[in-house]
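The structure appears right after this line, and notes come after that.
Chains as they are written, first to last, in my numbering: chain A, 1 to 135; chain B, 136 to 297.
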């Protein structure tokens, strides 16, 4: 079971991710609503994985990724993004993120994304097509 | 594809595929360059996203409350909404809806939306209209569903809103 930190300014997305993460058998350590809160929570909670929104007020997701990577170069961060934000995804990966999920978020997409980062949770090949079909 | 066409297409797909709405029809479109339209009338609840970079504009979505309540129900997937969280949930659904639609529509904007940035959505309460300023342009469509209507609009300078 993974301990996961959710970062998103949208309450409804935090709730949805919490539900899906728990359905997949993992645990939500904390949910943060902005980048600074995420950095503080990462430092104190040491999650196995972070799901990070890109567009947030105060501090965006890319800046938060950079700051978390400064704290822990091995941090595993998956970006949660919309279509049309490809440039932002590339910047996030360059900043140290290890993957992304395209909205709308589904259980299959989340499971496939987690499986790409943690091999022990990898889904079978048929399910991986779900992610690749999106881009 | 023009900005308004791209937004309408993605709203229709979003409402039908993700929001369990079957009866969707564009009942009205407006363009301030063809009409003496000097303001954008808003419905019960409104969210907007500003775009920057290669497109300086404001994209506005405005809902009838009954329709937004339906979206909240679908987003919550059967989970009860507490009174303390209700307002934040409504704001969140309204903002997330325009965020998703913009994300999906952007690659279909003129120039494929390349070099266009978007801000986090903001929600407006207790406003009835947005007034057009001098040479700005407003294009707008009203979409009717079995749960009521929403309007989607783009506001900006005449040369940027295509």
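Built from N, CA and C at the ideal position, the CB exists for glycine as well.
Item: Quick check on the DSSP output: the beta strand (DSSP E) that includes residue 26 of chain A runs from which residue to which?; Value: Segment: none, residue 26 of chain A is in no beta strand (DSSP E) and carries neither H nor E.
Item: Does the beta carbon of residue 101 of chain A come closer than 8 Å to any beta carbon on chain B?; Value: no
Item: For chain B, check one thing: does any of its Cβ atoms lie closer than 8 Å to the Cβ of residue 85 of chain A?; Value: yes
Item: Taking the continuous alpha helix (DSSP H) assigned at residue 40 of chain A, which residues delimit it?; Value: 35-45
Item: Would you mind working out which of A:27, A:103 and A:93 sits nearest residue 63 of chain A, comparing C-alpha positions?; Value: A:93
Item: Evaluate residue 120 of chain A with the Cβ neighbour count: other Cβ atoms within 10 Å of its Cβ, from every protein chain shown; 16 or more gives buried, anything less gives exposed.; Value: exposed
Item: Tell me the DSSP secondary structure of residue 191 of chain B in three-state form.; Value: coil
Item: Comparing C-alpha positions only, which one of A:65, A:96, A:88 and A:76 sits nearest to residue 116 of chain A?; Value: A:76
Item: Would you please verify whether the beta carbon of residue 51 of chain A is less than 8 Å from any beta carbon of chain B?; Value: no
Item: Taking only beta-carbon atoms, is residue 47 of chain A less than 8 Å away from chain B?; Value: no
Item: In the stretch 219-235 of chain B, which residues sit with their C-beta less than 9 Å from some C-beta in chain A, listed in chain order?; Value: 220, 223, 224, 226, 227, 228, 230, 231, 234 and 235
Item: How would you write the range of the beta strand (DSSP E) that residue 6 of chain A sits in, first residue to last?; Value: 3-7
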